[in-house]
Amino acid sequence: MFCVWVSLLLIFTGCSSDEIGEVKQKKDLTTPQYSALAEQADSYLSKIIDKYKNEIDTIYNYEEDMYVSQRSKSENIDRTKKNIDIEMAFPSQRKTEVLFKTGESIDVCDTFCIYQGDIVLSDREIDILAGVSSIEEEGIQLRGALLNYSKYKWKDGIIRYQFQPNFTLRAEVREATQEWKRVCPFLTFVELPDNDKSKVDKILFFHGKGSYSNLGRQGGTQKISLDREYATAGTAMHEIGHALGMIHEHCRYLQDVALTIYWDNIKRKRRKNYRKVKGHILIGFITEPMGSPLDFNSVMMYPSYSSDAIDPYKPVMLKKDGEEIIAQRDYVSSGDASTIQLFYKGSIFF
Ligand SMILES: [Zn+2]
Numbered sequence: 076m077f078c079v080w081v082s083l084l085l086i087f088t089g090c091s092s093d094e095i096g097e098v099k100q101k102k103d104l105t106t107p108q109y110s111a112l113a114e115q116a117d118s119y120l121s122k123i124i125d126k127y128k129n130e131i132d133t134i135y136n137y138e139e140d141m142y143v144s145q146r147s148k149s150e151n152i153d154r155t156k157k158n159i160d161i162e163m164a165f166p167s168q169r170k171t172e173v174l175f176k177t178g179e180s181i182d183v184c185d186t187f188c189i190y191q192g193d194i195v196l197s198d199r200e201i202d203i204l205a206g207v208s209s210i211e212e213e214g215i216q217l218r219g220a221l222l223n224y225s226k227y228k229w230k231d232g233i234i235r236y237q238f239q240p241n242f243t244l245r246a247e248v249r250e251a252t253q254e255w256k257r258v259c260p261f262l263t264f265v266e267l268p269d270n271d272k273s274k275v276d277k278i279l280f281f282h283g284k285g286s287y288s289n290l291g292r293q294g295g296t297q298k299i300s301l302d303r304e305y306a307t308a309g310t311a312m313h314e315i316g317h318a319l320g321m322i323h324e325h326c327r328y329l330q331d332v333a334l335t336i337y338w339d340n341i342k343r344k345r346r347k348n349y350r351k352v353k354g355h356i357l358i359g360f361i362t363e364p365m366g367s368p369l370d371f372n373s374v375m376m377y378p379s380y381s382s383d384a385i386d387p388y389k390p391v392m393l394k395k396d397g398e399e400i401i402a403q404r405d406y407v408s409s410g411d412a413s414t415i416q417l418f419y420k421g422s423i424f425f
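According to our numbering, the sequence shown is numbered sequentially starting from 76.
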């Protein structure tokens, strides 16, 4: 499988010698200890590379970091370290970043494609990012970073959810749903019993590897993973934001006018977390109105100082006026509420 994998990389992507070098270092793939799960992951990666061979620009293989610290246990933040973690799917694992010619990229890990670090993509969404299909549906102009497509909306604003039986962060999730309800009273969160088998649209909270969510309503059961050790109510607020349709605030189209991004201080493997959403995505997938400012208090915002930095004492981004972004995870901001309000009710309030 390893040989097939390398061959595919060479054939389909024309990657540079550096990138091939990185692939060759993955010797663990050939050891007997490497599990069936890893083979399944290789097979999935091969499929993705084959499917998008005409759309792929480059491929980059890397090992994801472990969590270094955790902002969400936030009272204990060591500000002197200035090394704050953000939500991440599959920490400490091998990942492959696939950069499409459209300028968008995804991370392939296990049998998932991840966008912006913690968003699990559906096949259709990958098609859109790769540029092989676009959404034609007419869209309203939204104020925030949000999916502009009615299929992603939870019907009547009702979000049903349940917990996997061994899930330990129930109080945190309930707190997060109450916070969303506080700022968006038109949303209804309904907790289903663990053993409920009804075939309704719902979110299943579970402990996967790291924290992640789908984007918007997917139909049927969709999962939100909350890291068993590190996730908090703030993490749950953030991941629920994704499930409601929101992307990361700093990736919105207006980032150029709101932020200075210090690309030289961002680890190669984390740069994709800061790419602005592209035009073709804005047309059909995610959109926003002209002139709507970024909300630095958004629960979907990233901080100036994080584990994405090469030098953690220097920022990865700052507000245009040079001020630090804290990226709070204590509440859902009025800007977040306005975005969801517009999506569900067609009007803005502050
Ligand atoms: Zn996120």
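Glycine is no exception: its CB is placed at the ideal position from the N, C-alpha and C atoms. A quick note: this is a predicted structure, and the numbers were derived from the prediction, not measured.
**OP:** Consult DSSP for Met392 and reduce its assignment to one of helix, strand or coil.
**Re:** On the sequence shown, residue 392 is found 317 positions in, with the first residue counted as 1. In the structure shown, Met392 sits in a strand (DSSP, three-state: E or B).
Subject >> Option nearest Gly283 by Cα separation, candidates Thr186, Lys342, Trp255 and Lys395 >> reply: Within the sequence shown, the letter at position 208 stands for residue 283. That would be Thr186, whose Cα lies nearest to the Cα of Gly283.
Original post:
Under 8 Å, do Ile233 and Val265 count as touching if we go by C-beta distance?
Top reply: Here residue 233 is taken as the residue at index 158 of the sequence shown, counted from 1. Here residue 265 is taken as the residue at index 190 of the sequence shown, counted from 1. Yes, Cβ-Cβ distance for Ile233 and Val265 is below 8 Å.
**OP:** Would you list the residues whose beta-carbon is nearer than 5 Å to any heavy atom of ligand 1, in the order they occur in the chain?
**Re:** Glu162 and Asp193
Original post:
For Asn241, which of helix, strand or coil comes out of DSSP?
Top reply: For the purposes of this step, residue 241 is taken as residue 166 along the sequence shown, with counting starting at 1. In the structure shown, Asn241 sits in coil (DSSP, three-state: anything other than H, G, I, E or B).
**OP:** Please name the residue in Glu138, Tyr119 and Asp125 whose C-alpha comes closest to that of Arg53.
**Re:** The first residue shown for the chain is 76 and the last is 425, placing residue 53 beyond what the model contains.
Original post:
Can the beta-carbon of Phe175 be found less than 8 Å from the beta-carbon of Glu130?
Top reply: If you number the sequence shown from 1, residue 175 lands on position 100. If you number the sequence shown from 1, residue 130 lands on position 55. Yes, they are a contact pair.
Original post:
In three-state terms, what does DSSP make of Ser413?
Top reply: For the purposes of this step, residue 413 is identified with residue 338 of the sequence shown, where counting begins at 1. Reduced to three states, the DSSP call for Ser413 is helix.
**OP:** List the residues that DSSP assigns as beta-bridge partners of Lys277.
**Re:** On the sequence shown, residue 277 is found 202 positions in, with the first residue counted as 1. Beta-bridge pairing links Lys277 to Arg235 and Thr296.
Subject >> Per-residue DSSP class, three states only, for Ala384 >> reply: Within the sequence shown, numbered from 1, the residue matching residue 384 stands at position 309. Strand.
Subject >> DSSP-derived helix/strand/coil call for Gly285 >> reply: Working through the sequence shown from its first residue, we reach residue 285 at position 210. The answer is strand: DSSP assigns Gly285 an E or B state.
Original post:
Smallest Cα separation from Lys226: which of Gln293, Leu417 and Gln115?
Top reply: Residue mapping note: residue 226 aligns to position 151 of the sequence shown, counting from 1. Nearest of Gln293, Leu417 and Gln115 to Lys226, Cα basis: Gln293.
Original post:
Are the stretch 234-242 and the stretch 158-169 in contact at 8 Å, needing three or more beta carbon pairs?
Top reply: no
**OP:** Report yes if the C-beta distance between Arg249 and Gly309 is below 8 Å; otherwise report no.
**Re:** Along the sequence shown, read from residue 1 onward, the residue named residue 249 stands at position 174. Along the sequence shown, read from residue 1 onward, the residue named residue 309 stands at position 234. No, these two residues do not count as a Cβ contact at 8 Å.
Original post:
So His317 and Ser288 are in contact, right, with Cβ under 8 Å, and what is the actual spacing, rounded?
Top reply: In the sequence shown, the residue the question calls residue 317 occupies position 242. In the sequence shown, the residue the question calls residue 288 occupies position 213. The pair is a contact, with the Cβ atoms about 4 Å apart (cut-off 8 Å).
Original post:
Apart from the five residues just before and just after Asp72, which ones in its own chain have a Cβ nearer than 6 Å to its Cβ?
Top reply: Absent from the model: residue 72. The displayed extent of the chain is 76 to 425, so no value can be given.
Original post:
Shortest alpha-carbon distance to Leu267 belongs to which of Phe280, Gln416 and Gln253?
Top reply: Position 192 of the sequence shown, counted from the first residue, corresponds to residue 267. Here the closest residue by C-alpha is Phe280.
**OP:** Out of Arg199, Glu114 and Val258, state which residue places its alpha-carbon closest to the alpha-carbon of Lys126.
**Re:** Residue mapping note: residue 126 aligns to position 51 of the sequence shown, counting from 1. Of the candidates Arg199, Glu114 and Val258, the one whose C-alpha sits nearest the C-alpha of Lys126 is Arg199.
**OP:** Spell out the partners DSSP gives Val258 in its beta bridges.
**Re:** Position 183 of the sequence shown, counted from the first residue, corresponds to residue 258. None; Val258 has no bridge partner.
**OP:** Could you please give the first and the last residue of the uninterrupted alpha helix (DSSP H) stretch that includes Asp125?
**Re:** What you label residue 125 is simply residue 50 of the sequence shown in a count that begins at 1. That run of the alpha helix (DSSP H) goes Ala111 to Lys126.
Original post:
Rounded to a whole number of angstroms, what is the C-alpha to C-alpha distance between Leu369 and Met321?
Top reply: Numbered from 1 along the sequence shown, position 294 holds the residue referred to as residue 369. Numbered from 1 along the sequence shown, position 246 holds the residue referred to as residue 321. Near 13 Å, if we compare the C-alpha coordinates of Met321 and Leu369.
**OP:** Report all residues from its chain with a CB closer than 8 Å to the CB of Pro260; omit the five preceding and five following residues, and keep chain order.
**Re:** Looking up residue 260 in the sequence shown gives position 185. Within the same chain, Pro260 has no close Cβ partners at all.
**OP:** With Arg199 as the anchor, note down where its alpha helix (DSSP H) starts and where it stops.
**Re:** Mapped onto the sequence shown, residue 199 falls at position 124. Residues Asp198 to Ala205.
Original post:
Around the C-beta of Leu112, are 16 or more other C-beta atoms found within 10 angstroms, so that it is buried, or is it exposed?
Top reply: Along the sequence shown, read from residue 1 onward, the residue named residue 112 stands at position 37. Its Cβ having fewer than 16 others within 10 Å, Leu112 is exposed.
Subject >> Residue environment, Thr252, which counts as buried when at least 16 other CB atoms sit within 10 Å >> reply: Here residue 252 corresponds to residue number 177 of the sequence shown, with the count starting at 1. Buried: at least 16 other Cβ atoms inside 10 Å.
**OP:** With Leu319 as the anchor, note down where its alpha helix (DSSP H) starts and where it stops.
**Re:** Along the sequence shown, one-based indexing puts residue 319 at 244. Element bounds for Leu319: Ala308 to Leu319.
**OP:** List the whole-angstrom C-beta distance separating Glu114 from His313, where the pair is believed to meet the contact cut-off of C-beta under 8 Å.
**Re:** Position 39 of the sequence shown holds residue 114. Position 238 of the sequence shown holds residue 313. Contact flag wrong, Cβ pair sits at about 33 Å.
Original post:
What residues in its chain sit with their C-beta under 8 Å from that of Lys228, if we drop five residues either side in the sequence?
Top reply: On the sequence shown, residue 228 is found 153 positions in, with the first residue counted as 1. Scanning its chain for C-beta atoms nearer than 8 Å, with the 5 sequence neighbours on each side dropped, one finds around Lys228 the residues Gly291, Arg292, Gly320, Phe418 and Tyr419, in chain order.
Original post:
For Ile181, which residues does DSSP report across the bridge?
Top reply: The count along the sequence shown starts at 1 and reaches residue 181 at position 106. The partner list for Ile181 (beta bridge, DSSP) reads Val173.
Original post:
With DSSP run on the structure shown, which of helix, strand or coil describes Tyr328?
Top reply: Walking along the sequence shown from the start, residue 328 turns up at place 253. Tyr328 falls in the coil class under three-state DSSP.
Original post:
Per DSSP, which one or two residues make a beta bridge with Phe187?
Top reply: Within the sequence shown, numbered from 1, the residue matching residue 187 stands at position 112. In DSSP, Phe187 forms a bridge with Cys184.
**OP:** Can you say whether Val407 is buried or exposed, counting buried as having 16 or more other CB atoms within 10 angstroms of its CB?
**Re:** Against the sequence shown, residue 407 aligns to sequence position 332. Answer is buried; the Cβ neighbour count reaches 16.
Original post:
Per DSSP, what kind of secondary structure is Asn340 in: helix, strand or coil?
Top reply: Here residue 340 corresponds to residue number 265 of the sequence shown, with the count starting at 1. In this structure, Asn340 counts as helix in the three-state DSSP scheme.
**OP:** Could you tell me the distance, in whole angstroms, from the CA atom of Lys389 to the CA atom of Asp202?
**Re:** Counting from one through the sequence shown, the residue named residue 389 turns up at place 314. Counting from one through the sequence shown, the residue named residue 202 turns up at place 127. Near 36 Å, if we compare the C-alpha coordinates of Asp202 and Lys389.
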